[in-house]
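Undergrad: Below are the structure tokens for one structure; questions will follow.
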Amino acid sequence: MHITVHLPDGTTHRLEALEGWRVMEVIRDWGLPIKGECGGACACATCHVRVKEEWLDKLFPQSDEELEMLDGAFNVEDHSRLSCQIIMTPELDGLEVELAEDSLADLPPERLVVGG
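So for the sequence shown, numbering that gives the first Met the number 0 puts the first residue at 0; every next one is plus one.
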């Protein structure tokens with residue numbers, strides 16, 4: 000399975016993903032600059048992504064907790080989600096997301112994906 004991640008700088012990365020993993024974990028483990036400060040506990044909004052419209056109907060509905068966390072995020076749109084709340088399933092193979100600007104982490108160059 001794969002997900003495609005678009006970064007605010009215009010780069011695109013196609014990442015291999017495993018079933019049952021959170022999208023945030025996939026993005027982080029491939030070395031892309033996502034904050035994900037709470038580690039996936041839905042206790043912050045630092046893994047905010049915008050899901051491509053055509054994928055929204057395939058996602059589980061947002062929980063009240065996710066909606067509450069997104070309420071405190073910047074530049075939230077109708078297709079905004081917390082990537083820690085999106086669990087990879089075969090139905091999500093090919094999922095496309097854009098990492099929100101406020102979710103970018105400052106990573107040292109050795110942690111960045113090369114060629115992704």
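Ideal Cβ placement from N, Cα and C applies to all residues, glycine included.
Predicted, not measured: the structure shown is a model, and the values here were computed from it.
1) Give me, in chain order, the residues of the same chain whose beta-carbon lies closer than 6 Å to that of HIS5; leave out the 5 immediate sequence neighbours on both sides.
2) Measure from the alpha carbon of GLU52 to the alpha carbon of each residue in ILE86, GLU36, SER79, then state which is nearest.
3) Tell me the rounded alpha-carbon separation between ALA44 and LEU14.
4) Pull the bridge partners of GLU11 from the DSSP assignment, please.
5) Going by DSSP, what residue range makes up the beta strand (DSSP E) through VAL48?
6) With DSSP collapsed to three states, give me the class of LEU91.
7) Measure from the alpha carbon of SER102 to the alpha carbon of each residue in ALA40, ILE85, ASP56, HIS47, then state which is nearest.
8) Report the rounded CA-to-CA distance for ARG110 versus THR3, giving the unit in angstroms.
9) Which residues does DSSP list as the beta-bridge partners of VAL96?
TA: In this structure, then:
1) THR11, GLU97
2) SER79 is the residue among ILE86, GLU36, SER79 whose C-alpha sits nearest the C-alpha of GLU52.
3) Linking ALA44 to LEU14 through their CA atoms gives a straight-line distance of about 22 Å.
4) Residue 11 is actually Thr in this sequence, not Glu. Beta-bridge partners of THR11 (DSSP): HIS5.
5) 47-50
6) helix
7) Among ALA40, ILE85, ASP56, HIS47, the Cα nearest to that of SER102 is on HIS47.
8) Only weak support is given to the placement of ARG110: the predicted model assigns it a pLDDT of 46, under 50, and the value that follows is read from those uncertain coordinates. When rounded, the separation of the alpha-carbon atoms in ARG110 and THR3 is 18 Å.
9) VAL4, VAL50
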